[in-house]
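Chemist:
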Amino acid sequence: MSRIGEAFADGPAFVPYLAVGDPDYESSTAYVEALAHGGADVIELGLPFSEPVAEGPTIQGAVTRALDAGMTPGKYFEFVEELDVDVPLVCMTYYNLIYQFTTDDDERKGPRPFVERAAEAGIEGFVVPDLPAEEADPLREACDDHGLDLVFIVAPTTEGERLERIMDRVSGYVYVQARLGVTGARDDVSDRTDDALGRLEDWDVSEQGPEARRTESNGVPKAVGFGIKTGKHAERIVEGGADGVIVGSALVDIVAEGHREGRPAEAVAADLEAKARELKEGAASGYAQRVPEPEHT
Amino acid sequence: MSRIGEAFADGPAFVPYLAVGDPDYESSTAYVEALAHGGADVIELGLPFSEPVAEGPTIQGAVTRALDAGMTPGKYFEFVEELDVDVPLVCMTYYNLIYQFTTDDDERKGPRPFVERAAEAGIEGFVVPDLPAEEADPLREACDDHGLDLVFIVAPTTEGERLERIMDRVSGYVYVQARLGVTGARDDVSDRTDDALGRLEDWDVSEQGPEARRTESNGVPKAVGFGIKTGKHAERIVEGGADGVIVGSALVDIVAEGHREGRPAEAVAADLEAKARELKEGAASGYAQRVPEPEHT
Amino acid sequence: MSTSKFGEYGGQYVPEALMPAIEELEDAYERYVLDNEDGFMDEFRRRLRDFGGRPTPLQHAEQLSERYDAEVYLKREDLLHGGAHKLNNALGQVLLAKYMGKDRIVAETGAGQHGTATAMAAAHLGMPCEVYMGERDINRQRPNVFRMRLNGAAVNTVTVGRGTLKEAINETMRDWATNVEDTHYVIGSVVGPHPFPVMVRDFQAVISEEAREQVRERAGRPPDSVLACAGGGSNTMGAFHGFVGDEDVELYAVEAGGSSLEVDEEEGVAPNSASLSTGDEGVLHGARTKLLQDSNGQIMESHSVSSGLDYAGVGPELAHLVDEERVTPVTVDDDRALEAFHRLSQEEGIIPALETAHAFGFAHENPEQLGDVTVINVSGRGDKDLESVIEESAKRDLSAAPDMDVFDGGAGL
Amino acid sequence: MSTSKFGEYGGQYVPEALMPAIEELEDAYERYVLDNEDGFMDEFRRRLRDFGGRPTPLQHAEQLSERYDAEVYLKREDLLHGGAHKLNNALGQVLLAKYMGKDRIVAETGAGQHGTATAMAAAHLGMPCEVYMGERDINRQRPNVFRMRLNGAAVNTVTVGRGTLKEAINETMRDWATNVEDTHYVIGSVVGPHPFPVMVRDFQAVISEEAREQVRERAGRPPDSVLACAGGGSNTMGAFHGFVGDEDVELYAVEAGGSSLEVDEEEGVAPNSASLSTGDEGVLHGARTKLLQDSNGQIMESHSVSSGLDYAGVGPELAHLVDEERVTPVTVDDDRALEAFHRLSQEEGIIPALETAHAFGFAHENPEQLGDVTVINVSGRGDKDLESVIEESAKRDLSAAPDMDVFDGGAGL
Ligand SMILES: Cc1ncc(COP(=O)(O)O)c(C=O)c1O
Ligand SMILES: Cc1ncc(COP(=O)(O)O)c(C=O)c1O
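Residue numbers (our numbering), protein chains in the order written: chain A, 331 to 627; chain B, 331 to 627; chain C, 8 to 420; chain D, 8 to 420.
(1) Verify the CB distance criterion: does residue 158(D) have a CB-CB separation below 7 Å to chain C?
(2) Return no unless some Cβ of chain B is closer than 7 Å to the Cβ of residue 323(C).
(3) Between residue 236(D) and ligand 2, is there a pair consisting of the residue's CB and a ligand heavy atom that are separated by less than 6 Å?
(4) Counting pairs of Cβ atoms below 8 Å between the stretch 97-116 of chain D and the stretch 65-76 of chain D, do you hit three or more?
(5) Would the stretch 343-357 of chain C and the stretch 153-162 of chain D be scored as touching if the rule is three or more Cβ pairs under 8 Å?
(6) Which residues mark the beginning and the end of the alpha helix (DSSP H) in which residue 297(D) is found?
(7) Which residues bound the alpha helix (DSSP H) around residue 443(A)?
(8) Residue range of the beta strand (DSSP E) that residue 4(C) falls in?
(9) Distance cutoff 7 Å, beta carbons only. Does residue 364(D) sit that close to anything in chain A?
(10) What is the C-beta distance between residue 380(C) and residue 230(C), in whole angstroms, given that I count them as a contact (C-beta under 8 Å)?
(11) In its own chain, which residues sit with a C-beta less than 6 Å from the C-beta of residue 176(D), not counting the 5 before and 5 after it?
(12) Relative to ligand 1, is the shortest distance from any of its heavy atoms to the C-beta of residue 362(C) smaller than 6 Å?
(13) Would residue 107(C) count as contacting chain B if we go by Cβ distances under 7 Å?
(14) Compute every distance between the C-beta of residue 241(C) and the non-hydrogen atoms of ligand 1, then say whether any falls below 6 Å.
(15) Using a threshold of 7 Å, state whether the C-beta atoms of residue 198(D) and residue 14(D) are closer than that.
(16) For residue 18(C) and residue 422(B), what's the separation of their Cα atoms in angstroms?
(17) Closer than 7 Å, CB to CB, is residue 127(C) near chain D or not?
(18) Which two residues bound the contiguous beta strand (DSSP E) that contains residue 232(D)?
(19) Using a Cβ-Cβ cut-off of less than 7 Å, give me the residues of the stretch 443-466 of chain A that come near chain D, in sequence order.
(20) Could you confirm whether any beta carbon from chain B is found closer than 7 Å to the beta carbon of residue 306(C)?
(21) Select from the stretch 24-35 of chain C all residues with a C-beta closer than 9 Å to any C-beta belonging to chain B, and list them in chain order.
(22) Less than 7 Å between the beta carbons of residue 513(B) and residue 389(B), yes or no?
(23) Residues in the same chain with beta-carbon distance under 7 Å from residue 611(A), minus the five sequence neighbours each way, listed in chain order, please.
(24) Which residues in chain D have a C-beta closer than 9 Å to the C-beta of residue 503(A)? List them in chain order.
(25) Name the DSSP bridge partner or partners of residue 116(D)?
(26) Determine the extent of the alpha helix (DSSP H) in which residue 244(C) is found, giving its start and end residues.
(27) Buried or exposed: which applies to residue 42(C), given that a residue is buried once 16 or more other Cβ atoms fall within 10 Å of its Cβ?
(28) Whose Cβ in chain C lies nearer than 7 Å to the Cβ of residue 390(D)?
(29) Please state whether DSSP places residue 190(C) in a helix, a strand or coil.
(30) Report yes or no: is there a C-beta of chain D within less than 7 Å of the C-beta of residue 369(C)?
(31) For the alpha helix (DSSP H) containing residue 402(D), list its first residue and its last residue.
(32) Quick one: Cα of residue 45(C) to Cα of residue 208(C), how far?
(33) Fully enclosed by the stretch 14-74 of chain D, which alpha helix (DSSP H) runs are 4 residues long or longer?
(34) Note down, one range per segment and in chain order, each alpha helix (DSSP H) of at least 4 residues found wholly within the stretch 348-415 of chain B.
(35) So for residue 125(C), helix, strand or coil by DSSP?
(36) Is the CB-CB distance between residue 211(D) and residue 314(D) below 7 Å?
So this is what it looks like as structure tokens:
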């Protein structure tokens, strides 16, 4: 089992997201480290792409700030290398940046040079919102060759054959999209989260379909994201069956507010750490309340 | 021979034009009388129509001022009745006003009520710029019945059959349009005046064609208009063979300027009289210089 | 000679200086248009097809048909090059001017549609062109002013009077009288001295020729009614001409009711353009016809929210057909026209000219008069009217208008 | 299943939430469009004819033919309802959405032509419609904003980035991802994930189907060349598709050269929209294709004086045809496009869209490449561009522009 898989092993995982370089390189380092201190089990590090089609206004803002401050794939990897955290790191970005990346040694377009460099820098997995299962084989293969996980998103609309196709290829965790739409913190928890978890659960227990990764990992954990804002949300979602919670916009909001108000990075970092703690604890409390499920092999 | 015809009998006639009611009823009376004092042989009295398509900006301005001051066909006839001048008066207006005019006694549309009322008021002839020979028979007949003249315009473009058609119907004088276009004072005399006079002369001497009015009046006099501004112009035109000169815009300019500058009506009237004298004298001097023509019966 | 009169209407009431040109035009009309000399009509039809985009479709209007419980067909003159039926006439006349050896074109315009059509035709045929347009209309129809200029035409502003079509016609006649020898006046509607009314009608008759065939094909029968808005009446005559002989087809000429059918004699203003419905016989711009005039015969200032209908006269043939009770004149006021504009835009996806909207206003108010099958002539598209419509709609409380706030405020709007 | 790739271009690079909708669309495309299930294509063609005004003419351009010593034919898509080729696609997709049981339409727009076409089609077919448009484009193409609103569509301003087409597409994808279950995204060009590129091409292919027949009829032979401007490439693919198999016909895709073909990596700006000529393979908006991007893969801000070409990507099929050397990509810069705009307006009486003007700019600069017979696709009319053209022309010293003073000063102008 990968380090990412292990992060889900004992109790629900808290998976925060931040855009790297938002609002600048140094602050961003402090913020990511604060999340680790606050209890992050896995961290999704966004590599900003100019066309973030899957993101709502909050993360679009983060991406713009990071790009304006000069973030590039090269700097991103340096950032990862310099980070002082001990949790598995997932690179979240759009496919064109992966596809375009070349090094002096390797000028072929395609995902390999990027994956190699990411592995070298210490990245352990990927989430690529504009790369559906249908187009993912080259990246999946490169990841396999370097022992990296490739996380896929399962949307509220994902069903049947499509779900199978994804579950065949996913590793690390399944990113369960709690609602339709784009990223962004909400004040409520979507009803569709329960549906999605239900669907995944059915799928998990079913015996049919290719066994590849799934049997090997004994069921890929399910982390729920899109719209989670508070400890209460996290609690409800984990109580509803999630193996982890992914939180992005609620954290980026703190960064954005700090930036807008010109607050010192340490103060913002402290807020982030506190927020992380709230979310982590919410998840734990949800887990505690969970009706024990029959284990499945 | 009509009074209008007689006005051309001894020497060239000076035929001034003013819009009645410009800029108001009383001033207008003074102005017309001033023209008579200045030597007018015939006076064209414009009855303002809202769509003066044959007029340039100067006379359009006069028409607008007169209409704004409340001039109507009814007031026009009162004006004519009250005028204290001893020259024949020609009503110059557009056909719709003639066509629409009705009286309590006579509510039929068509030219008769208008012609009757005009004759009663002391008008002795008509010029109707938008009534070509082709449409003129009803008016011509009404005029005949009341012993009034109907003047037609001959344009630089009028030739051949058209010229005959006009000469067949014209009485009083032929209005020779000196140039193409609309009314308005000019700084030069059009070359086309001579052409037009030449054409008319040919026609005059020719023996062919219907003899109706022409033989009766022993040749209708030719008065030239459109653009005449100075005594010099009048001189050249009469020297060139015209039996009279028609002057409108150059006189209206004096009225307009007086109105613009708020000068007293008497002062303006004095200027008009002086201008009339200049034009009348120009015409006389042109006649004196004229190579004597062979007379025709 | 072609006859110059329709009953007592029509004729040639113009300054003598123009008469020779009008006789020359009469001759050219008879030879080229009536007798297809030198293949004039063939060339005209070919250019109408290739340059103009004819035939225009006859479209079944689904939402309106349902709403009015009648089969409503739209004759889509809005799809003609330039955006209105006006090109049929402008192209015909500019081509005729070329055949006549003229080398300059003048035209008047109200809505700017005839001006743009003439400017386009003149550019297409390589003829210098000047267009007279009233100042008020210039402000109401700016896009058309730009279009004329871009097509290389000079646009001359007419500032006298209220600055609408009537004054523009006066001014164009003055230009023509000055330059008559080398210039042809491309008059914009079935008005003016003979032969303009018949000639313009003949050029526009292609509308009803096509529509008559198309409606038979589509509905399998003749229509019960044909509706067209009437300003000068060119699109009306174009839409009606082919049906005049079909006695069972009701022909509705929809005039601009403006703000009221009452007349202010004192001010010399008729706040409408309903010369067929409320006008009186008289002589204007070369023809005897029905006019908006005061009791003395002075022409009234007309009014309509649509520049293209804003005229105190109407074509003599149309006046005659009304007297003969072959054509029924009706009116639609500014408010109902604006509502019809919005309704057609939203329900059929066709933004009509404000002129055209009057015809739809009548259909909406009188669905029972349409019969089972009706043809409504979409005389033009509304691109030229966008700003006017927004402004005029904002002044009113119209049921059909979209929320106008978005046009004023909002980011970047 | 229809193939989603053109060589290495194409594919389906979209968020998972959209994939089921895309699969559903693929299925609908195959059944309705390819197999004419339920008579979809018959209804589509009928509506294109009656509502849209098809067929559009192929016009022989007399002045240009003489000038370039070649028979120049113009395919007149500017006469299509709405004023551009865009309706072919918009009507097809909105109708398809109806067949699919969707009850809401979203679309992006650059020049506003696709937005207006979609708004018109949606009104015509009774579908609620929202259109996303960049703030900058809203200011460049105001008349089209008004038109969309009048047709009852909501226009949503996109303020991120430079506020042009790229950002509008991003935002529409976000809306679609949110409302995918009841909403169809009517994409405006041959871009996006499969099946959009093939489907949009098939809807637009009517242009070349007609033109191919028409030019044979008119010229008695196939053309030597076909020219079309390329933004996303829908009018290009529409104009080329029927000719791709005719190997002797040269196909020129004319891109916007903007102010320069040089790129400012530092600023992230490519002052042109020449993705075929200067772009690099990458993934954007659902497809692998040629893009304007920096060395890291960030998409550049493109630039063109014409909003409708102002896009950093291009359709994957077109990219493939360029790699195969079947299509020749060429560029025309802002200045030459503006000059061509004025030239066509003045000499042929057709005011083209600024997009379209690029194709004429190429013909003017390279008459020797046209061969003896050429077809130029007039993708749209320029009514939407009047203000931009006046503004942009005033900044430059253009040989072909009319004197612009009249637009500023002068009575009432
Ligand atoms: C679209 C449109 N329809 C109708 C008219 C009215 O003109 P007519 O009655 O002469 O057809 C105009 C005149 O400009 C117009 O532009
Ligand atoms: C008139 C016109 N032509 C061309 C284009 C370019 O689009 P495409 O290349 O997708 O046809 C546009 C886009 O808005 C347009 O409006």
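Don't be surprised by glycine CBs; every beta carbon is placed ideally from N, CA and C.
Modeler: On the basis of the coordinates in this document:
(1) Along the fourth sequence, one-based indexing puts residue 158(D) at 151. Output row for residue 158(D): interface = yes.
(2) Taking the third sequence and counting its residues from 1, the one referred to as residue 323(C) is at position 316. Interface with chain B (7 Å Cβ-Cβ cutoff): residue 323(C) is excluded.
(3) Position 229 of the fourth sequence holds residue 236(D). Yes, the Cβ of residue 236(D) comes within 6 Å of a heavy atom of ligand 2.
(4) These segments do not touch.
(5) Short answer: they touch.
(6) Sequence index remark: in the fourth sequence, residue 297(D) carries index 290 (1-based). Element bounds for residue 297(D): not the alpha helix (DSSP H) but the beta strand (DSSP E), 293-298.
(7) Translated into the one-based positions of the first sequence, residue 443(A) becomes position 113. Element bounds for residue 443(A): 442-451.
(8) One cannot answer for residue 4(C) here, as it falls past the ends of chain C, which runs 8 to 420.
(9) If you number the fourth sequence from 1, residue 364(D) lands on position 357. The beta carbon of residue 364(D) does not come within 7 Å of any beta carbon belonging to chain A, so the residue lies off that interface.
(10) In the third sequence, counting from the first residue as 1, residue 380(C) sits at position 373. In the third sequence, counting from the first residue as 1, residue 230(C) sits at position 223. For residue 380(C) against residue 230(C), the beta-carbon gap comes to about 5 Å, under 8 Å, which counts as contact.
(11) For the purposes of this step, residue 176(D) is taken as the residue at position 169 of the fourth sequence. So the qualifying residues of the chain are 115 and 292.
(12) Counting from 1 along the third sequence, the entry for residue 362(C) is found at position 355. A distance criterion of 6 Å places the beta-carbon of residue 362(C) in contact range of ligand 1, judged by its closest non-hydrogen atom.
(13) Taking the third sequence and counting its residues from 1, the one referred to as residue 107(C) is at position 100. No, no contact with chain B.
(14) What you label residue 241(C) is simply residue 234 of the third sequence in a count that begins at 1. Residue 241(C): yes, Cβ under 6 Å from ligand 1.
(15) As a working note, residue 198(D) is residue 191 in the fourth sequence. As a working note, residue 14(D) is residue 7 in the fourth sequence. For the pair residue 198(D) and residue 14(D), the CB atoms are not nearer than the 7 Å cut-off.
(16) In the third sequence, residue 18(C) corresponds to position 11, counting from 1. In the second sequence, residue 422(B) corresponds to position 92, counting from 1. Counting only the Cα atoms, residue 422(B) lies some 21 Å from residue 18(C).
(17) Taking the third sequence and counting its residues from 1, the one referred to as residue 127(C) is at position 120. Closer than 7 Å: yes.
(18) Locating residue 232(D) in the fourth sequence gives position 225, counting from the first residue. Its beta strand (DSSP E) spans residues 232-236.
(19) Listed in chain order, the positions of the stretch 443-466 of chain A with a beta carbon within less than 7 Å of a beta carbon of chain D are 459, 460, 461, 462, 464 and 465.
(20) Here residue 306(C) is taken as the residue at index 299 of the third sequence, counted from 1. Taking Cβ atoms only, chain B reaches closer than 7 Å to residue 306(C), which makes this a yes.
(21) Residues are counted here when their Cβ sits less than 9 Å from a Cβ of chain B; for the stretch 24-35 of chain C these are 24, 25, 26, 27, 28, 29 and 30, given in chain order.
(22) Your numbering for residue 513(B) matches position 183 in the second sequence. Your numbering for residue 389(B) matches position 59 in the second sequence. Between residue 513(B) and residue 389(B), the C-beta spacing is below 7 Å.
(23) As a first step, residue 611(A) must be located in the first sequence, where it is residue number 281. Setting aside the 5 residues that flank it on each side, residue 611(A) is surrounded in the same chain by 561, each with a C-beta closer than 7 Å to its C-beta; the list follows chain order.
(24) Working through the first sequence from its first residue, we reach residue 503(A) at position 173. Within 9 Å Cβ-Cβ: nothing; residue 503(A) doesn't reach chain D, min ~14 Å.
(25) As a first step, residue 116(D) is located in the fourth sequence; it is residue number 109 there, counting from the start. Bridge partners of residue 116(D): 140(D).
(26) Your numbering for residue 244(C) matches position 237 in the third sequence. Residues 241-247.
(27) To locate residue 42(C), count along the third sequence from 1; it is residue 35. In the assembly as shown, residue 42(C) is an exposed residue. Its beta-carbon has fewer than 16 other beta-carbons within 10 Å.
(28) Within the fourth sequence, numbered from 1, the residue matching residue 390(D) stands at position 383. Neighbours of residue 390(D) in chain C, taken as residues at a C-beta separation under 7 Å, are given in chain order as 150 and 390.
(29) For this step, residue 190(C) is matched to residue 183 along the third sequence. Note: residue 190(C) maps to strand in three-state DSSP.
(30) Here the question's residue 369(C) lines up with position 362 in the third sequence. Interface residue (Cβ-Cβ distance to chain D less than 7 Å): residue 369(C) is not classified as such.
(31) Locating residue 402(D) in the fourth sequence gives position 395, where the first residue counts as 1. Unbroken run through residue 402(D): none, as it is neither H nor E.
(32) By one-based count along the third sequence, residue 45(C) stands at place 38. By one-based count along the third sequence, residue 208(C) stands at place 201. Roughly 21 Å separates the two Cα atoms.
(33) As far as the stretch 14-74 of chain D is concerned, its whole alpha helix (DSSP H) runs of at least 4 residues are 26-35 and 47-57.
(34) Every alpha helix (DSSP H) stretch that sits fully inside the stretch 348-415 of chain B and reaches 4 residues is listed by chain position as 355-367, 387-398 and 403-412.
(35) Translated into positions along the third sequence, residue 125(C) becomes position 118. In the structure shown, the three-state DSSP call for residue 125(C) is helix.
(36) As a position in the fourth sequence, residue 211(D) is number 204, starting the count at 1. As a position in the fourth sequence, residue 314(D) is number 307, starting the count at 1. Remark: C-beta atoms of residue 211(D) and residue 314(D) do not approach each other more closely than 7 Å.
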